[in-house]
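Numbering (the working numbering), first residue to last: 114 to 934. All C-beta atoms in this analysis are idealised placements derived from N, C-alpha and C, irrespective of residue type, glycine included.
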Amino acid sequence: MINPRFEKEAFKKDVEQNVKQLFRKTVDEASQQELYQAVSYVVKDAIIDDWIATQKQYEKDDPKIVYYMSMEFLLGRALGNNLINMTAYKEVKEALEEMGLNLNELEDQEPDPALGNGGLGRLAACFLDSLASLGYAAYGCGIRYRYGMFKQKIKDGYQEERPDNWLKNGNPFELRRPEYAKEVRFGGNIRVEYDDKTGDIRFKQENYESVLAVPYDYPIVGYDNHIVNTLRIWDAEPIVDFQLDSFDRGDYHKAVEQQNLAKTIVEVLYPNDNHYAGKELRLKQQYFFVSASLQAALTKYKKHHDDIHKLPEKMTIQMNDTHPTVAVAELMRLLLDEEGLGWDEAWEITSKTCAYTNHTIMSEALEKWPIDLFSRLLPRVYQIIQEIDRRFVAQIREMYPGNEEKVAKMQILRDGQVKMAHLAIVAGYSVNGVARLHTEILKKQELRDFYEMMPQKFNNKTNGITQRRFLMHGNPLLADWVTDKLGTKDWITDLSLMSGLKKWVDDEEALKEFMSIKYENKVRLAKYIKEHNGIEVDPRSIFDVQVKRLHEYKRQLLNILHVMYLYNEIKEHPEISFYPRTFIFGAKASAGYIRAKQIIKLINSVADVVNNDRSINGKLKVVFIEDYRVSNAEIIFAAADVSEQISTASKEASGTGNMKFMLNGAPTLGTMDGANVEIVEEVGAENAFIFGLSSDEVINYENNGGYNPMDIYNSDADIRRVVNQLVDGTYSQGDKEMYRDLYNSLLTAQGGSKADTYFILKDFRSYADTQKKVEEAYRDKDRWAKMALLNTASCGKFSSDRTIQEYVDDIWHLDKVTVEV
Ligand code: 26W
């Protein structure tokens, strides 16, 4: 049942009322931003009814709760998504139209809450959507960064970063909950106290600095089930207000420091994706939100339960990569020092409560904190890790007597570092990878010793995405068509039903409709590009898209080198027929990642040359979309013909963009990497374009000293020409040095890394040949339409609803809840 607050007349009145109350204006006078706020507050009001009902139901049913701990939640805009999940989108759109307002324009007023970098953060957001939609009690736990992922500007082809002040106009959907604030302590020293009478030992932290963690709750609306879960993100406030009289007490410095600590701790999201930098502030952020979340979780548990030993029956903690893994030691600390348990009891509880997900095999992404930094910042937590490590080492020695190599490889504290992944594996009850291939590589390579020692902990959970945002909201035309063809809306909560579309694969009329929806979406994207880039693109050309974070392993460089190759071909052989293509890129580079930034500049330089060359008759266009983020991603996926998933095999843990393209009917052009393997399995190899080395081949080369790119450079004239064009000034107005580093990276070994670390030249031919096949397939309109439709029809497995159900069945064991209204 749809909430009566969305009944048209009532809704309109409420909007008017809000405009008046919030801004002292009438609807005609209010700005779009003000109207967005007024509408959002009406929506929030409706959400709150369900939010209260849900929390009441949870109190009553007392279900087991999952705490999804993540440093990142890449939510995307809330207004449209909340309306969709409350099944009120169309009603509200109409009501607003009657008021002379346009819902899409109001939605555009909302800043993207970008509290995440890329895949890992967006996955967390999809998971919260699925948990609520499936009716499981869940909390997201994270940080309320003042500044989220930076805004990207492209100036003269270069990336520039601008602060993302997403809270500038306030946030209608959040709720500050000062009554749940918790204190978090850093530094100082630990004093050991003996109680002569009882013989008890107590550990007292002294001379510490502390901050007050204040939660902001953010509603997570389930689809059409009146369930509203909570994303709890923590803000930091100074614990003592800055008071002048502290000066007299000699605390002046401390007061100022605590003020500063509170301000800096939640100031900004680290924009690194897959690269660990070892910054002290980042460890502070991690401990800050983990400690506050665990304290809150224990308070909540103890409100209704008095036996702390039964904690694992009522809560479980999922750690999203290594970032929150200090949680295991912090939970031990709370159980030992605050609850007064003995080590074995505390360990029993902790090791049944914590579970860890690995999201990357890139070795530079692994978090290993220097021991001196770690022990200084978290002295008591460090002591506890020492004890965990001591016991674990004893266990290794017992299992592998005399094998000190095992100890060296698996120890938590080693080489002056705290190895966070090791800590999580040792203390957790579950370790999972995020796609089948990824989990296999973890078991066979990266985490092999751990797998051999504790195979029962390892499992795979192939990622997924929410169809609510990435089809219903992002591609309403296709969503309606799917409902029409399936004769049901049930795919919204059961994506496996999409396979029912297969019966339309030989129906010419249906294929025509399907492709004309794609065309409409391409027109929409072309308009966006015209507005934002000033570039005219032809919606009849093939939209070939690569959008994701910029990283060498993702190989945007391979893509753009291939564009350079095509440009050479077209110029050289103008007589050869060439199907017009638009290559679309979107990517942010971490601010300090110089080479990634050079690749962005190169893409823009190639775009400049190619787009302005009249002689090629617009056959080739290159577009770099500025500030790629969730809101424009929705528009981009809907419009894509080709999904570029071209990472060096073995490097992309899963990928989730690949699934969003598939859902929207774009065949994958990719390597056998991450979840691409499972995508191909679902859709059939004939409906994807696969090229390049396999993960086994890559790993084999890596274990045997790499390969020699000079062999390829010397033997393949086309490749040689393209590579030389990096340093002959073709794309740099004569400047031969601008892309020298990229050139060198492909041909010569440098400072620890092999030449062409990511096998770009090795895979180039195979990529170019496969791109040729894409073109041939596209020319055959009928064949392409079938292929595209089959991708949409075969995407059922890749719903995050399926992923979450597997986490529930195999790891979390949660109870399903229904909310009556
Ligand atoms: C310490 C710096 C840092 C920051 C972020 C290291 C590692 C990360 C993330 C784990 C990187 C990430 O987002 N990984 C991506 O996770 C997705 C969700 O599982 C996968 O689909 C992607 O393949 C993986 O790259």
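- Under the three-state reduction of DSSP, Pro226 is assigned to coil, being neither helix nor strand.
- In the three-state reduction of the DSSP assignment, Trp897 falls in the helix class, which pools H, G and I.
- Rounded to whole angstroms, Ser246 and Val140 show a C-alpha spacing of 34 Å.
- Residue pairing by DSSP leaves Asn516 without any beta bridge partner.
- For Cys254 against Arg345, the beta-carbon gap comes to about 6 Å, under 8 Å, which counts as contact.
- Taking every protein chain shown into account, the CB of Tyr891 has 16 or more other CB atoms within 10 angstroms, so this residue is buried.
- Here the region 842-859 does not lie against the region 894-905, with fewer than 3 beta-carbon pairs under 8 Å apart.
- In this structure, the alpha-carbon of His436 lies about 25 Å from that of Gln265.
- The DSSP assignment places complete alpha helix (DSSP H) segments of no fewer than 4 residues inside the region 686-770 at 707-724 and 743-752, in order along the chain.
- For Cys908, no pairing in a beta bridge is given by DSSP.
- When Lys203, Gly865 and Leu679 are compared, the shortest CA-CA separation from Lys885 is found for Leu679.
- Between the ligand 26W and Thr579, a heavy atom-to-CB distance of less than 6 Å is absent.
- In the structure shown, Asp348 adopts extended strand secondary structure according to DSSP, grouped into three states.
- In the DSSP assignment, Trp482 falls within the unbroken beta strand (DSSP E) covering Lys481 to Pro483.
- Taking C-alpha positions only, Ile509 is separated from Trp164 by approximately 48 Å.
- Scanning Lys574, Glu322, Glu223 and Asn338 for the CA closest to the CA of Val353 turns up Glu322.
- Contact between Glu185 and Leu244 is ruled out by a C-beta separation of about 17 Å, above the 8 Å threshold.
- The criterion of a C-beta distance shorter than 7 Å is not satisfied by Gly391 and Asn471.
- Listed in chain order, the beta strand (DSSP E) runs fully inside the region 474-560 are 481-483, 530-532 and 543-546, counting runs of at least 3 residues.
- Pairing Thr761 with Asn771 gives a Cβ-Cβ distance that is not under 7 Å.
- Every unbroken stretch of the alpha helix (DSSP H) spanning 4 or more residues and falling wholly within the region 187-274 is given here in chain order: 192-198, 202-211, 216-220 and 232-247.
- Around Gln272, the same chain offers Gln265, Ala702, Lys710 and Ile713 as residues with beta carbons nearer than 7 Å, after the five sequence neighbours per side are excluded.
- Cβ neighbours of Ile832 within its own chain (closer than 7 Å, five residues either side excluded): Ile825, Tyr826, Leu874 and Phe877.
- Secondary structure at Phe401: helix, using DSSP grouped into helix, strand and coil.
- Considered as a whole, the region 821-864 harbours 822-828, 830-837 and 853-860 as its complete alpha helix (DSSP H) runs of no fewer than 4 residues, in chain order.
- Bounds of any alpha helix (DSSP H) do not take in Thr784, whose DSSP letter is neither H nor E.
- Going by DSSP, Gln659 is part of the beta strand (DSSP E) stretching over Ile655 to Val660.
- Between the ligand 26W and Asp386, a heavy atom-to-CB distance of less than 6 Å is present.
- For the set Asn198, Thr466 and Leu490, the Cα lying nearest the Cα of Thr579 is the one of Asn198.
- Exposed is the label assigned to Thr311, since fewer than 16 other Cβ atoms lie within 10 Å of its Cβ.
- Rounded to the nearest angstrom, the Cβ distance from Ile178 to Met428 is 5 Å, consistent with a contact under 8 Å.
- Burial is judged here by how many other beta carbons sit within 10 angstroms of a residue's own beta carbon; Ser144 has fewer than 16 and is exposed.
- The straight-line gap separating the alpha-carbon atoms of Ser612 and Arg742 is approximately 30 Å.
- Distance from the Cα of Asp221 is smallest, within the candidate group Tyr149, Trp279, Arg259 and Lys169, for Tyr149.
- Pairwise C-beta distances place the region 364-377 out of contact with the region 276-286, as fewer than three of them are shorter than 8 Å.
- Taking non-hydrogen atoms of the ligand 26W into account, the C-beta of Thr473 is found less than 6 Å away from one of them.
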